[in-house]
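Below is one structure, written out as C-alpha cells; the observations come after it.
Numbering (the working numbering), first residue to last: 20 to 382.
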C-alpha cells in the first residue's frame, strides 16, 4: 500500500482539481461545477456525496481531538478526566472560532501549524528507529489472506492521504491568481505536496508500526486514541510523552481546519440551492449545524477506524477517484485529459475502495 499511496494521492487530487478548474465561471466552487456539467438533478446528488465525503471526517477529527486532549490530561498531567461534554464543547468551539475569523486568519493558522509539525514529525520518526521491532515477513504464508488484507486496506489508505476537502478552495484560488495558467500551477503544487505528504507520513507510519506490537496497535484501536497518544502512554520516554500528544493535537487541528473549509463549502452550496437565504445567513446556519453535530458526535465517541472504513473511505473514493474520471470521459472541457494510463489507474483504485466497503458492510 505504501507503494500505491503516492500515485493514488497525486493523480486523484490532480483529477479533482482539473474538474473544478474546468468551469467557465472563475468563482465557481465544486457544487457550482457539478451543476454546470451534469445538470441540476445530477449536480445535487453529486453535491450531497461531496458533502458526505468530507463531513464524516470532520466528525472523526472532533472525536480525535477530544480523545487526544483527554488522554493527555489523564496520562501526562495525572489529573481526573474532565466532563466530556464540557471538554469537547470548548475544543470544538475554539476550532470553529478560528474558522470564523476569515481566510487570512485560517491561512496564518496553517502557516504556524504545518511547518513545525513536519519537522517535529520527521525528528520523532527518526528518534523511534531505536525501538523498531521489524516483523518476521516469512510468517506471511497465506497469499490469499495477505491479498484480502491489502484489498480491505484501500479505503483506509484513501482516507489517510485525502486532502480533497481543500481542493475546491485551492483550485478556485489558483484560478483567481493565475487565470489560464491555473491548471499547470495547481499540478506543480499538488505534485510537491504529494511527494512531501507521502514521504513524511509513510516514514512516520512505518516508524510507529515497527515500534509497537500488533497487540498494542489493537489496544490503541480499542481505546479510540491516536497512535501518538498511545505511544506517549506506554513508552517510558519523556520525549515521546511530551511530543506525542502535542504532535497529535497539531496534526488533528490542521486537518480539522482543512475539512471544515470543505464541509462548510459543501453545506453552504446545498442550502443555497434549496432555500432563499442571503450568503451571510446561509454561512451562519451552516456553521451552527456543523458545530452542534461535531460536538454531539465528540461526546458520543464512536470508533474512529470504523467510521473511516464504513463511511469516509468509500464516499471519498467516489468523489475523488471515480467522479472526476467519469467527467473526463463525458465533459468536453476535460476532453484533452482523455486516454491516459493514470485515468485508468485512478478509476480502478476507486472501484477497489468501493468494493472493499461493500464487502465490509454486507459480508
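Where a beta carbon is used, it is the ideal one built from N, C-alpha and C, also for glycine.
- Under the three-pair Cβ rule at 8 Å, the region 242-250 does not count as touching the region 193-209.
- Residue range 162-179 is occupied by the alpha helix (DSSP H) that includes residue 164.
- Sixteen is the threshold: since fewer than 16 other Cβ atoms of the shown chains lie within 10 Å of the Cβ of residue 164, the residue is exposed.
- Listed in chain order, the alpha helix (DSSP H) elements of length 4 or more contained wholly in the region 188-234 are 201-230.
- Residue 60 and residue 105 have their C-alpha atoms spaced approximately 41 Å apart.
- Look at residue 100 here: in three-state DSSP terms it is coil, with no helix or strand label.
- Assignment of residue 127 by DSSP, reduced to helix, strand and coil, places it in the helix class.
- Taken atom to atom, the span from the alpha-carbon of residue 70 to that of residue 103 is near 27 Å.
- Between the region 127-137 and the region 259-274, the count of C-beta pairs closer than 8 Å reaches three or more; the two stretches touch.
- Per DSSP, the continuous alpha helix (DSSP H) segment holding residue 293 begins and ends at 257-293.
- Inclusion of residue 317 and residue 107 in the CB contact set at 8 Å is warranted, their separation being smaller than that value.
- For residue 69, the uninterrupted alpha helix (DSSP H) segment begins and ends at 59-90.
- Taking a cut-off of 8 Å on C-beta distances, the region 333-342 touches the region 24-41, as three or more cross pairs fall below it.
- In the structure shown, the three-state DSSP call for residue 95 is helix.
- When the beta-carbon positions are compared, residue 137 and residue 219 come within less than 8 Å of each other.
- When rounded, the separation of the alpha-carbon atoms in residue 97 and residue 55 is 56 Å.
- Put simply, of 346, 225 and 287 the residue whose alpha carbon is nearest the alpha carbon of residue 298 is 287.
- When the Cα atoms are used, residue 41 and residue 369 turn out to be separated by approximately 21 Å.
- For residue 252, the secondary structure class from DSSP, reduced to helix, strand or coil, is helix.
- Residue 313: member of the alpha helix (DSSP H) spanning 298-319, first to last residue.
- Per DSSP, residue 147 lies in no alpha helix (DSSP H) and is assigned neither H nor E.
- If you draw a straight line from the Cα of residue 52 to the Cα of residue 203, it is about 19 Å long.
- For residue 283, the number of other beta carbons within 10 angstroms of its own is at least 16, and it is reported as buried.
- Closest in C-alpha terms to residue 371, from the list 173, 64, 362 and 256, comes 173.
- In the three-state reduction of the DSSP assignment, residue 359 falls in the coil class, being assigned neither a helical nor a strand state.
- By the criterion of at least three beta-carbon pairs nearer than 8 Å, the region 67-87 is in contact with the region 109-116.
- Residue 223 is positioned such that its CB atom lies closer than 8 Å to that of residue 144.
- Comparing C-alpha distances from residue 292 to each of 66, 23 and 30 shows the shortest one belongs to 66.
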